[in-house]
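Visitor: Input: one structure, supplied below.
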Amino acid sequence: GGDAAGSETAAGGGGDTITVGFSQLGAESGWRTANTESVKSALTAANGIDLKFVDAQQKQENQIKALRDFITQDVDVIAFSPVIETGWDEVLQEIKDSGIPVVLVDRTVDTSVQDPYATWIGADFEQEGKTAGEWVAKNAPDAKVFELQGTLGSGAQVDREKGFDGVVGQQVVGKASGNFTRAEGKTAVEAALQTYPETNLIFTHNDDMGLGAVEAIEAAGKVPGKDVQIVSVDGVRDGLQALVDGKFNYVVECNPVFGDQLATLVKDVAAGKEVPKETIVQDQAFDQTTTQADVDARKY
Ligand code: AHR
């Protein structure tokens, strides 16, 4: 299985519909929701793609099960966004043995399997962390930083930490994970404000956790953006709104809207065409000069 020719009857009209199994890691953040929408609106029947979409609810075991189901269904291409980097060796080998090509989406894998995927599309997480660190080095060089990490062991967490700490690691007084969700971000910051009362800047690995941090800071009687500055990653509408409201100080973008690029890659891979090993999605950054009009124009 795995070759596009095998799906020729799937279109019903003798067309060449490509069947794609996509294992999304979850729906933990505004970023993820926007990414899912972008993927679903690009990988469509009108675009020659039959998408089998499965949400793993941030559980690796669910993703592994979905990937095995895709092998059983003999889809043409398997795409997935891995919740963490490790633990994929066995299932990646099974996919490889099945001959179905893999398109890795957003996050990265750390595996001993040789040539585990045809292509990867995602953001440069390490650069995002570095950009955030450079803002801190320039604008808050004396700040005591608490680092609010994403899901431990995820490519987004590992690389943002590496990029940020490489620039201003000596300013970090404590770290804990908020698993990329608003609720867990809030809990982690409630604890951090007790454990590291000197904290006056939070570097959060995503906007949702940063918005949870805002709630925790306000509940502690402090002013987010002033008493405790917040530097974030993503740039979803709520994050940019927090910038305009003065509660966030700086946001490094992670762009989730790459469904069209993914659709092209999937088609090329299914057709056996040569594809680049990686496609880096372009990001920008936002400071407090961001306007309400910018927020209103934001699509997600
Ligand atoms: O992998 C990308 C990250 O995952 C986003 O920054 C975060 O919001 C999401 O949960």
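Offset between the sequence shown (1-based) and the working numbering: plus 1.
Where a beta carbon is used, it is the ideal one built from N, C-alpha and C, also for glycine.
Consult DSSP for Ala67 and reduce its assignment to one of helix, strand or coil.
Guide: Position 66 of the sequence shown, counted from the first residue, corresponds to residue 67. Helix, per DSSP.
Visitor: Quick test of your reading: Ser155 and Glu254, contact by CB under 8 Å. State the CB separation rounded to the nearest angstrom.
Guide: For the purposes of this step, residue 155 is taken as residue 154 along the sequence shown, with counting starting at 1. For the purposes of this step, residue 254 is taken as residue 253 along the sequence shown, with counting starting at 1. The pair is not a contact, with the Cβ atoms about 18 Å apart (cut-off 8 Å).
Visitor: Using only CA atoms, which one of Ala192, Thr34 and Asp239 lies nearest to Ala217?
Guide: Counting from 1 along the sequence shown, the entry for residue 217 is found at position 216. The shortest Cα separation from Ala217 among Ala192, Thr34 and Asp239 belongs to Ala192.
Visitor: Within 10 angstroms of the Cβ of Gly247, are there 16 or more other Cβ atoms? Answer buried if so, exposed if not.
Guide: By one-based count along the sequence shown, residue 247 stands at place 246. Result: exposed.
Visitor: Going by beta-carbon coordinates alone, are Pro257 and Ala57 separated by less than 9 Å?
Guide: Here the question's residue 257 lines up with position 256 in the sequence shown. Here the question's residue 57 lines up with position 56 in the sequence shown. In this structure, Pro257 sits away from Ala57, with a CB-CB distance that is not shorter than 9 Å.
Visitor: Could you name the residues of the same chain whose beta carbon sits closer than 6 Å to that of Ser178, not counting the 5 residues immediately before and after it, in chain order?
Guide: Taking the first residue of the sequence shown as 1, we reach residue 178 at position 177. Excluding sequence neighbours, Ser178 sits near Gln150 and Leu153.
Visitor: Can you tell me which of Glu185, Asp261 and Val282 puts its alpha carbon nearest to the alpha carbon of Val40?
Guide: As a working note, residue 40 is residue 39 in the sequence shown. Of the candidates Glu185, Asp261 and Val282, the residue whose Cα lies closest to the Cα of Val40 is Asp261.
Visitor: Quick one: give me the first and last residue of the alpha helix (DSSP H) that Phe165 is part of.
Guide: Start at 1 with the first residue of the sequence shown, and residue 165 comes out as number 164. Its alpha helix (DSSP H) spans residues Gly156 to Val169.
Visitor: Provide the residue span of the beta strand (DSSP E) that contains Trp32, from first to last.
Guide: In the sequence shown, counting from the first residue as 1, residue 32 sits at position 31. Careful: Trp32 lies outside any beta strand (DSSP E), inside the alpha helix (DSSP H) at Gly31 to Ala43.
Visitor: Taking only the alpha-carbon atoms, compute the straight-line gap between Gly273 and Phe71 and give it to the nearest angstrom.
Guide: Residue numbering aside, residue 273 sits at position 272 when the sequence shown is read from its first letter. Residue numbering aside, residue 71 sits at position 70 when the sequence shown is read from its first letter. Cα to Cα, the separation comes out at about 19 Å.
Visitor: Would DSSP call Lys187 helix, strand or coil?
Guide: As a first step, residue 187 is located in the sequence shown; it is residue number 186 there, counting from the start. Lys187 falls in the helix class under three-state DSSP.
Visitor: How would you call Asp235, buried or exposed, if buried means at least 16 neighbouring beta carbons within 10 angstroms?
Guide: Position 234 of the sequence shown, counted from the first residue, corresponds to residue 235. By the 10 Å Cβ count, Asp235 comes out buried.
Visitor: What's the C-alpha gap between Phe126 and Lys97?
Guide: Looking up residue 126 in the sequence shown gives position 125. Looking up residue 97 in the sequence shown gives position 96. Going by the C-alpha atoms only, they are around 27 Å apart.
Visitor: Locate the beta strand (DSSP E) running through Asp208, then write down its first and last residues.
Guide: Here the question's residue 208 lines up with position 207 in the sequence shown. Per DSSP, Asp208 is not a residue of any beta strand (DSSP E); the alpha helix (DSSP H) it occupies stretches across Asp208 to Ala220.
Visitor: Any idea if Gln283 is buried or exposed, counting beta-carbon neighbours within 10 angstroms, 16 or more meaning buried?
Guide: Locating residue 283 in the sequence shown gives position 282, where the first residue counts as 1. Flag for Gln283 reads exposed.
Visitor: Gly130 by DSSP, collapsed to three states: which one?
Guide: Taking the sequence shown and counting its residues from 1, the one referred to as residue 130 is at position 129. Of the three classes helix, strand and coil, the one that applies to Gly130 here is helix, per DSSP.
Visitor: Can we count Glu95 as close to the ligand AHR, meaning its CB is less than 8 Å from some heavy atom?
Guide: Taking the first residue of the sequence shown as position 1, residue 95 is located at position 94. No - the ligand AHR has no heavy atom lying nearer than 8 Å to the Cβ of Glu95.
Visitor: If contact is defined by three or more beta carbon pairs under 8 Å, each pair taking one atom from either stretch, is the segment 157 to 166 in contact with the segment 119 to 138?
Guide: yes
Visitor: Which whole runs of the alpha helix (DSSP H) in the segment 79 to 106 are 4 residues long or more, in chain order?
Guide: 90 to 99
Visitor: Using only the alpha-carbon positions, how far apart do Val166 and Glu275 sit?
Guide: For the purposes of this step, residue 166 is taken as residue 165 along the sequence shown, with counting starting at 1. For the purposes of this step, residue 275 is taken as residue 274 along the sequence shown, with counting starting at 1. The amino acid at residue 166 is misidentified as Val; the sequence shows Asp. Whole-angstrom Cα-Cα distance: 37 Å.
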